[in-house]
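Peer 1:
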Amino acid sequence: MQTLVLIFGPAAAGKATVGQALSQLTGFPLLHNHDVAEPVATITGWGGRLFESTMTDVRKTLLRTAADNGISLITTFMWAFDYAPDAAFIAWLKERYEANGGRVVFVELTASLDARLAREGTEPRVTMKPSKRDVEESRRVLLSLEGNYAFNSTGNFPYPADWLCLDTETLSPEACALAIADRFSQGYGLHLWGDTSNPRG
Numbered sequence: 001m002q003t004l005v006l007i008f009g010p011a012a013a014g015k016a017t018v019g020q021a022l023s024q025l026t027g028f029p030l031l032h033n034h035d036v037a038e039p040v041a042t043i044t045g046w047g048g049r050l051f052e053s054t055m056t057d058v059r060k061t062l063l064r065t066a067a068d069n070g071i072s073l074i075t076t077f078m079w080a081f082d083y084a085p086d087a088a089f090i091a092w093l094k095e096r097y098e099a100n101g102g103r104v105v106f107v108e109l110t111a112s113l114d115a116r117l118a119r120e121g122t123e124p125r126v127t128m129k130p131s132k133r134d135v136e137e138s139r140r141v142l143l144s145l146e147g148n149y150a151f152n153s154t155g156n157f158p159y160p161a162d163w164l165c166l167d168t169e170t171l172s173p174e175a176c177a178l179a180i181a182d183r184f185s186q187g188y189g190l191h192l193w194g195d196t197s198n199p200r201g
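Residue numbers (full-length UniProt numbering): 1 to 201.
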């Protein structure tokens, strides 16, 4: 069964870093948010309707390809719970995987605002996300997003049976990856502990 592991949470919660650790553990490829955002922004610039619509189109194309071809995948997403288009995108994604006999599981990451601000400029962020090299600008954007959207579910999650919430202030990326694999390899048939040479699930 193909599996999509969707890791979500606010900016600098550790989504890409946890995704990278989970990819190393499971063999599933990682498509993190900035794999899409950085090349799109090269063409459209950051922010605005053209950036957002192109991001959605490119992301849907890549995830549709994975879902329709039985490819297990890890992806990251900044899911704004108070923004209706994000809920519609998640519903589309879940339906697409399930229509092809797969399943989407959700991993929510939390961390305090102070911890997330302190992560700006650290090696993992600037290596995986070149646009984050301007630390002060990255912190400004983080605070702006924080003031406008809710990126954590606060326990009121729409798909609780397929959900795990982890605090990245108390758990390392490797510990998070182990917790995810343990949670979704028991009774789900998702094969996160399966043959890591076969990322197609």
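Note that CB positions come from ideal geometry on N, CA and C, so glycine has one too.
Using only alpha-carbon positions, find the residue among R140, G102, V107, E108 that is nearest to A118.
Peer 2: Locating residue 118 in the sequence shown gives position 118, where the first residue counts as 1. Nearest Cα to A118 within the set R140, G102, V107, E108: R140.
Peer 1: Roughly how many angstroms lie between the CA atoms of T76 and H34, to the nearest whole one?
Peer 2: In the sequence shown, counting from the first residue as 1, residue 76 sits at position 76. In the sequence shown, counting from the first residue as 1, residue 34 sits at position 34. So the two alpha carbons sit approximately 9 Å from each other.
Peer 1: With DSSP collapsed to three states, give me the class of E146.
Peer 2: In the sequence shown, counting from the first residue as 1, residue 146 sits at position 146. DSSP places E146 in helix when its eight states are reduced to three.
Peer 1: Is the CB-CB distance between F28 and V5 below 8 Å?
Peer 2: As a working note, residue 28 is residue 28 in the sequence shown. As a working note, residue 5 is residue 5 in the sequence shown. It is a contact, given that the beta carbons lie within the stated cut-off.
Peer 1: Output the boundary residues of the alpha helix (DSSP H) element that contains D114.
Peer 2: What you label residue 114 is simply residue 114 of the sequence shown in a count that begins at 1. 113-119 is the extent of the alpha helix (DSSP H) around D114.
Peer 1: Any idea what DSSP makes of I43, helix, strand or coil?
Peer 2: Here residue 43 is taken as the residue at index 43 of the sequence shown, counted from 1. I43 falls in the helix class under three-state DSSP.
Peer 1: Okay, do the stretch 87-98 and the stretch 44-55 touch, 3+ Cβ pairs below 8 Å being the bar?
Peer 2: Note that the stretch 87-98 does not touch the stretch 44-55; fewer than 3 beta-carbon pairs, one per stretch, sit closer than 8 Å.
Peer 1: Under 8 Å Cβ to Cβ from R116, same chain only, skipping five residues before and after it: list those, please.
Peer 2: As a first step, residue 116 is located in the sequence shown; it is residue number 116 there, counting from the start. Only P10, A11, A12, A13, L142 meet the Cβ criterion.
Peer 1: Taking the continuous alpha helix (DSSP H) assigned at F184, which residues delimit it?
Peer 2: Locating residue 184 in the sequence shown gives position 184, where the first residue counts as 1. 173-184 is the span of the alpha helix (DSSP H), which, as asked, contains F184.
Peer 1: Alpha carbons only, please: which of T110, K60, T61, M78 is nearest the one belonging to S172?
Peer 2: Position 172 of the sequence shown holds residue 172. The shortest CA-to-CA distance from S172 to any of T110, K60, T61, M78 is the one to T110.
Peer 1: Can you tell me where the beta strand (DSSP E) with W163 in it begins and where it stops?
Peer 2: One-based indexing of the sequence shown puts residue 163 at position 163. From DSSP, the beta strand (DSSP E) with W163 extends over 163-167.
Peer 1: Just the Cα atoms here: how many angstroms apart are S144 and D86?
Peer 2: Counting from 1 along the sequence shown, the entry for residue 144 is found at position 144. Counting from 1 along the sequence shown, the entry for residue 86 is found at position 86. Answer to the nearest angstrom: the Cα atoms are 18 Å apart.
Peer 1: Where F184 and I7 are concerned, what is the direct C-alpha to C-alpha distance, given to the nearest angstrom?
Peer 2: The residue given as residue 184 occupies position 184 in the sequence shown. The residue given as residue 7 occupies position 7 in the sequence shown. Distance between the alpha carbons of F184 and I7: 13 Å.
Peer 1: In terms of residue numbering, what span does the beta strand (DSSP E) encompassing F8 cover?
Peer 2: Within the sequence shown, numbered from 1, the residue matching residue 8 stands at position 8. Taken as a continuous stretch (DSSP letters only), the beta strand (DSSP E) holding F8 covers 3-8.
Peer 1: Between which residues of its own chain and G189 is the CB-CB distance below 6 Å, once the five residues before and five after are set aside?
Peer 2: Against the sequence shown, residue 189 aligns to sequence position 189. Note on G189: pLDDT 45, under 50, position unreliable in the model; the coordinate value appears next. The answer, listed in chain order, is M1.
Peer 1: According to the Cβ coordinates, are A150 and A88 closer than 8 Å?
Peer 2: Residue 150 sits at position 150 when you count from the first residue of the sequence shown. Residue 88 sits at position 88 when you count from the first residue of the sequence shown. Going by C-beta atoms, A150 is not nearer than 8 Å to A88.
Peer 1: Jot down the residue ranges of each uninterrupted alpha helix (DSSP H) in the stretch 24-106, minimum 4 residues, whole runs only, in chain order.
Peer 2: 33-44, 48-68, 84-99
Peer 1: Alpha carbon to alpha carbon, how far is Y83 from S153?
Peer 2: Start at 1 with the first residue of the sequence shown, and residue 83 comes out as number 83. Start at 1 with the first residue of the sequence shown, and residue 153 comes out as number 153. Straight across, the Cα-Cα distance linking Y83 with S153 is about 12 Å.
Peer 1: Roughly how many whole angstroms lie between the Cα atoms of E108 and T42?
Peer 2: Counting from one through the sequence shown, the residue named residue 108 turns up at place 108. Counting from one through the sequence shown, the residue named residue 42 turns up at place 42. Rounded to the nearest angstrom, the two C-alpha atoms are 29 Å apart.
Peer 1: Roughly how many angstroms lie between the CA atoms of L62 and E169, to the nearest whole one?
Peer 2: Here residue 62 refers to the residue found at position 62 of the sequence shown. Here residue 169 refers to the residue found at position 169 of the sequence shown. So the two alpha carbons sit approximately 31 Å from each other.
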